[in-house]
Amino acid sequence: MARPVEFDYDVVLENAMEQFWREGFEASSVQKLLDATGINRGTLYNSFGDKDTFFKLCVDRYNNQLGETLAATLGNKDLKADQALQAFFDSTLGLPARQRVLGCLLVNSVCESINWDATIQKLVRDSINTLRKGLLARTRELEKSRALAKGLKAEQAADQLLNLYVALKVAARNG
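Take 776 as the starting number for the sequence shown in the working numbering and just add one per residue.
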């Protein structure tokens, strides 16, 4: 008879996500992941798979959290475009200090630029593109209402805002 699971799946994923977020994929050895999560090696491999699979699960978790932020800010149809953009950046800057200094798991992962398998590359790239699409939807509203600076297109504004987001996250990470 198999032993019952003796750990909280969500807590383990949250702790692993924070480990990857704090030190990056490469620096997060299996032992560091075990230490961060409190599970043993057998449980890690039986419940979460290898390190790559564990990282994918953590990125999925992070994406779900980011998705909630995007829905509450950029996706909030009760807010005008400029208010939604302001709410998004306020939520980014208003994170608890513990999270703020970690930067963004996705941005950190791109900056780490390791040779991941295609699945991880696509997952991270798609996640950043989801953020860009949210920004673009709102900058298109601003363009339509002629609220963008003269000559500035919605795509350019969205790219500039995405670059600002990345810069804020990198700056936060580097103090």
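In this text, a Cβ means the ideal position worked out from N, Cα and C, and glycines have one as well.
Residue i classed as buried or exposed, judged by whether at least 16 other C-beta atoms fall within 10 angstroms
| i | result |
| --- | --- |
| E843 | exposed |
| E918 | buried |
| G878 | buried |
| A893 | exposed |
| N938 | exposed |
| N839 | exposed |
Under 8 Å between C-beta atoms of residue i and residue j
| i | j | result |
| --- | --- | --- |
| V834 | V899 | yes |
| R913 | L870 | no |
| F795 | L880 | yes |
| F876 | A947 | For the sequence presented, residue 876 should be read as Val rather than Phe. A contact, by the Cβ cut-off of 8 Å. |
| F863 | I814 | no |
| T867 | L936 | no |
| G799 | N890 | no |
| R915 | A929 | yes |
| A922 | D825 | no |
| M792 | Y837 | yes |
| D827 | I895 | yes |
Residue i - containing alpha helix (DSSP H), residue span
| i | result |
| --- | --- |
| S902 | 893-919 |
| V941 | 929-948 |
| E793 | 784-802 |
| K831 | 826-847 |
| E887 | 880-887 |
| N851 | Here N851 belongs to no alpha helix (DSSP H), and DSSP marks it neither H nor E. |
| G817 | 816-823 |
| K855 | Element bounds for K855: n/a, residue is neither H nor E. |
| K925 | It is not in any alpha helix (DSSP H) - K925 carries neither H nor E in the DSSP assignment. |
| L877 | It is not in any alpha helix (DSSP H) - L877 carries neither H nor E in the DSSP assignment. |
Which listed residue (the options) has its alpha carbon closest to that of residue i
| i | options | result |
| --- | --- | --- |
| V805 | F830, E789, F782, Y784 | F830 |
| N790 | N949, A802, L809, I895 | L809 |
| D865 | T818, L911, L845, K908 | L845 |
| R873 | S920, Y784, R797 | R797 |
| K855 | I903, Y784, L910, E930 | L910 |
| Y784 | K807, S822, F800, S803 | S822 |
| L906 | L819, L849, L927 | L849 |
| Y940 | G926, N904, L927, S920 | N904 |
Minimum Cβ-Cβ distance from residue i to chain B less than 8 Å
| i | result |
| --- | --- |
| Y820 | As a matter of chain content, chain B is missing from the structure shown, which is built from one protein chain. |
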